[in-house]
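Below is one structure, written out as structure tokens; the observations come after it.
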Amino acid sequence: FDPTQPGYDTQAIIEKDKAHHVHPWQVFDVFRDEGALPIVKGEGSYIFDSEGRKYFDAVGGLWCNNIGLGRKEMAEAIAAQAYQLSYASPFVDLTNIPAAELAAKLASLAPATLNHVFFTCGGSTAVDTAFRMIHYYQNCRGKHAKKHIISRINSYHGTTYASMSIGGKPGDHPPEFDFISDTIHHLSYPNYYRCAAEGMSESEFVDTLVQEFEDKIEELGGADNVAAFFAEPIMGAGGVIVAPEGYLKRMHAVCKANDILYVSDEVVTAFGRLGHWFASEDEFGIVPDMITSAKGLTSGYQPLGALLFSDEIWDVLNAENSGRCFAHGFTYSGHPVACAAALKNIEIMEREQLLENVKEVGPYFEQQLKTLEDLPIVGQVRGRKFMVCVEYVADKKTKALFPEELDIGKRVSNNADELGLITRAIVHLNVMSPPLTMNKDEVDFIVATLRQAIEATIAELRDEGHFQG
Ligand code: PLP
Numbered sequence: 004f005d006p007t008q009p010g011y012d013t014q015a016i017i018e019k020d021k022a023h024h025v026h027p028w029q030v031f032d033v034f035r036d037e038g039a040l041p042i043v044k045g046e047g048s049y050i051f052d053s054e055g056r057k058y059f060d061a062v063g064g065l066w067c068n069n070i071g072l073g074r075k076e077m078a079e080a081i082a083a084q085a086y087q088l089s090y091a092s093p094f095v096d097l098t099n100i101p102a103a104e105l106a107a108k109l110a111s112l113a114p115a116t117l118n119h120v121f122f123t124c125g126g127s128t129a130v131d132t133a134f135r136m137i138h139y140y141q142n143c144r145g146k147h148a149k150k151h152i153i154s155r156i157n158s159y160h161g162t163t164y165a166s167m168s169i170g171g172k173p174g175d176h177p178p179e180f181d182f183i184s185d186t187i188h189h190l191s192y193p194n195y196y197r198c199a200a201e202g203m204s205e206s207e208f209v210d211t212l213v214q215e216f217e218d219k220i221e222e223l224g225g226a227d228n229v230a231a232f233f234a235e236p237i238m239g240a241g242g243v244i245v246a247p248e249g250y251l252k253r254m255h256a257v258c259k260a261n262d263i264l265y266v267s268d269e270v271v272t273a274f275g276r277l278g279h280w281f282a283s284e285d286e287f288g289i290v291p292d293m294i295t296s297a298k299g300l301t302s303g304y305q306p307l308g309a310l311l312f313s314d315e316i317w318d319v320l321n322a323e324n325s326g327r328c329f330a331h332g333f334t335y336s337g338h339p340v341a342c343a344a345a346l347k348n349i350e351i352m353e354r355e356q357l358l359e360n361v362k363e364v365g366p367y368f369e370q371q372l373k374t375l376e377d378l379p380i381v382g383q384v385r386g387r388k389f390m391v392c393v394e395y396v397a398d399k400k401t402k403a404l405f406p407e408e409l410d411i412g413k414r415v416s417n418n419a420d421e422l423g424l425i426t427r428a429i430v431h432l433n434v435m436s437p438p439l440t441m442n443k444d445e446v447d448f449i450v451a452t453l454r455q456a457i458e459a460t461i462a463e464l465r466d467e468g469h470f471q472g
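All letters in the sequence shown, in the order written, are residues 4 to 472 by UniProt numbering.
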């Protein structure tokens with residue numbers, strides 16, 4: 004697949020892709036005309052398209068490229084494991100060395116008593132596994148009425164039937180799809196910029212969110228009917244929402260007071276994005292009962308997810324003489340090649356001190372990106388360390404958004420593409436989660452390039468009469 008070789012035909016690839024490859028979140032009418040851009044090579048933070056153009060990928064793939072692309076030692080570790088043992092059944096009485104080593108390693112990195120690991124194929128299946136294990140656990144304890152699951156509007160937890168139902172992004176819940184709606188409920192999301200009432204302080208806003216949680220438990224007939232609460236420590240796809248100080252701790256306290264399991268979805272925030280192996284305790288001071296993870300676990304070199312859960316849950320599942328079987332699992336649970344990739348990925352992060360790099364460069368990234376707020380369509384720059392986002396508004400005072408059909412985030416990201424910078428557009432946002440290797444020069448490049456792209460977009464909007472400011 005080398006586009007520099009004679010006979011390589013980019014257009015033929017695009018046509019095959021259009022005819023046969025159905026993409027995630029495909030917008031049929033747009034894709035039919037435009038197709039997708041073939042990416043042919045990756046090196047560190049850079050990707051190259053089939054025409055040889057080079058881009059700095061500030062999205063890190065899809066929040067997952069933590070150590071950078073094209074690492075030879077990753078390729079070698081994966082190849083060596085594939086050669087030695089490319090597959091072994093994980094069911095019941097067989098295991099493999101990378102899976103056992105990785106489970107022990109994750110237990111050593113995870114907070115408190117989260118010592119047990121169930122491997123999955125990615126983030127959605129980790130959330131799905133949590134969902135099933137929650138009911139299993141509650142039934143094992145004799146708490147058969149504990150069925151209800153509570154999460155938040157605008158959360159994203161994956162794309163299986165259960166994980167998408169737990170997620171709360173309105174755009175991901177179009178009427179043509181069905182969802183579990185009788186036992187899954189969504190609270191308000193902790194977006195102080197948009198959702199707090201006029202003049203309300205951050206702590207008053209938190210009070211209202213906590214009250215809403217307590218009211219919801221009441222409305223569902225009390226804590227005896229509520230099984231678990233799901234939350235990303237920082238909401239990712241829902242717009243990089245960093246909750247006001249104290250929110251997560253207080254929501255966690257409500258769970259503890261009501262015997263409700265707290266599931267921290269760290270598919271994005273774990274493995275260094277916020278400068279820690281796991282962010283729940285180290286960044287936010289809470290110890291969840293379960294953590295779901297994926298993405299940065301292998302830096303995207305292999306598909307792999309993991310559900311970590313506590314000794315307390317394990318003790319119930321593992322009760323002696325219960326005769327029970329946890330009838331759940333995937334052909335590829337504990338896949339040896341994926342687990343070998345994760346072990347090498349973690350080794351590289353440790354050796355190169357990438358978590359320390361995030362702690363050092365992250366605040367600079369936040370600070371420099373914040374300077375974009377002087378631009379007339381930038382409403383807010385937010386996020387933490389290597390997980391950030393820019394929100395565009397038509398009016399800074401009223402925070403009014405541009406009409407959705409203007410696709411403002413996409414316009415800016417298209418202009419940034421032209422300048423060699425990839426950002427992810429989500430309606431009126433541009434989201435970034437760069438590789439953890441990023442240095443301060445690369446931060447300067449991102450900020451200067453994004454400024455240029457936003458300025459070009461403002462000029463277009465003025466020319467078209469969409470913006471007068
Ligand atoms: N949970 C969160 C917080 C995510 O951001 C994602 C993916 O973006 C998922 C779950 C689903 O992970 P996957 O796409 O690997 O199934």
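For each residue, glycine too, the CB sits at the ideal point set by N, CA and C.
Residue i burial status per 10 Å Cβ neighbour count (16 or more: buried)
{"i": "L97", "result": "exposed"}
{"i": "Q383", "result": "buried"}
{"i": "P27", "result": "exposed"}
{"i": "Q8", "result": "exposed"}
{"i": "F122", "result": "buried"}
{"i": "E248", "result": "exposed"}
{"i": "R35", "result": "exposed"}
{"i": "Q214", "result": "exposed"}
{"i": "Q305", "result": "buried"}
{"i": "P177", "result": "exposed"}
{"i": "E235", "result": "buried"}
{"i": "I289", "result": "buried"}
{"i": "V33", "result": "exposed"}
Where the beta strand (DSSP E) containing residue i begins and where it ends
{"i": "Q87", "result": "Where Q87 is concerned, there is no enclosing beta strand (DSSP E), although the alpha helix (DSSP H) it sits in stretches over 75-87."}
{"i": "E467", "result": "E467 -> no beta strand (DSSP E), and no H or E assigned at all."}
{"i": "E46", "result": "42-46"}
{"i": "S267", "result": "264-268"}
{"i": "K57", "result": "57-60"}
{"i": "A428", "result": "427-429"}
{"i": "M435", "result": "432-435"}
{"i": "G308", "result": "308-312"}
{"i": "T295", "result": "293-296"}
{"i": "L190", "result": "187-190"}
Helix, strand or coil at residue i according to DSSP, with G and I counted as helix
{"i": "Y90", "result": "coil"}
{"i": "R387", "result": "strand"}
{"i": "Y49", "result": "strand"}
{"i": "G382", "result": "strand"}
{"i": "L112", "result": "helix"}
{"i": "R454", "result": "helix"}
{"i": "F180", "result": "coil"}
{"i": "Y159", "result": "coil"}
{"i": "I70", "result": "coil"}
{"i": "E394", "result": "strand"}
{"i": "S127", "result": "helix"}
{"i": "F233", "result": "strand"}
{"i": "V243", "result": "coil"}
{"i": "H151", "result": "strand"}
{"i": "L424", "result": "strand"}
{"i": "M238", "result": "strand"}
{"i": "A200", "result": "coil"}
{"i": "A403", "result": "strand"}
Residue range of the alpha helix (DSSP H) that includes residue i
{"i": "Y164", "result": "164-169"}
{"i": "S283", "result": "282-287"}
{"i": "V415", "result": "411-421"}
{"i": "residue 1", "result": "Here the chain covers residues 4 to 472 and nothing more, so residue 1 does not appear."}
{"i": "S206", "result": "205-222"}
{"i": "R255", "result": "Note that residue 255 corresponds to His in the displayed sequence, not to Arg. Run containing H255: 250-260, per the alpha helix (DSSP H) assignment."}
Anticipated Cβ contact below 8 Å, residue i with residue j, distance rounded
{"i": "F216", "j": "V266", "result": "The pair is not a contact, with the Cβ atoms about 14 Å apart (cut-off 8 Å)."}
{"i": "I380", "j": "F281", "result": "Not a contact, Cβ separation roughly 36 Å."}
{"i": "G161", "j": "G126", "result": "5 Å"}
{"i": "G71", "j": "T440", "result": "5 Å"}
{"i": "D345", "j": "L88", "result": "According to the sequence shown, residue 345 is Ala rather than Asp. That belief does not hold up - the Cβ atoms of A345 and L88 are roughly 15 Å apart, past 8 Å."}
{"i": "G38", "j": "I17", "result": "5 Å"}
{"i": "K149", "j": "D227", "result": "7 Å"}
{"i": "L264", "j": "A230", "result": "7 Å"}
{"i": "I425", "j": "V62", "result": "6 Å"}
{"i": "T459", "j": "N418", "result": "Contrary to the premise, residue 459 reads as Ala rather than Thr in this sequence. Confirmed, Cβ separation roughly 5 Å."}
The ligand GTP heavy atom lying under 7 Å from the CB of residue i
{"i": "V340", "result": "With respect to the ligand GTP, the structure shown offers nothing to examine, as its ligands consist of the ligand PLP."}
Query raised in the report: Do the stretch 51-60 and the stretch 6-22 touch if we need at least three Cβ pairs shorter than 8 Å?
Result: yes
Requested in this report: Could you tell me whether the stretch 178-193 touches the stretch 142-157, using the rule of 3 or more Cβ pairs below 8 Å?
Outcome: yes
Query raised in the report: Hey, is the stretch 308-319 in contact with the stretch 283-300, meaning 3+ C-beta pairs nearer than 8 Å?
Result: yes
Query raised in the report: Are three or more beta carbon pairs between the stretch 371-386 and the stretch 451-460 nearer than 8 Å?
Result: yes
Query raised in the report: Quick one: any contact between the stretch 349-357 and the stretch 322-330, if contact means 3 or more CB pairs under 8 Å?
Result: no
Requested in this report: Specify whether the stretch 420-440 and the stretch 233-251 touch according to this definition: at least 3 beta carbon pairs, one from each stretch, less than 8 Å apart.
Outcome: yes
Query - Sufficient close CB pairs (3 or more, under 8 Å) joining the stretch 393-403 to the stretch 359-366 - result: no
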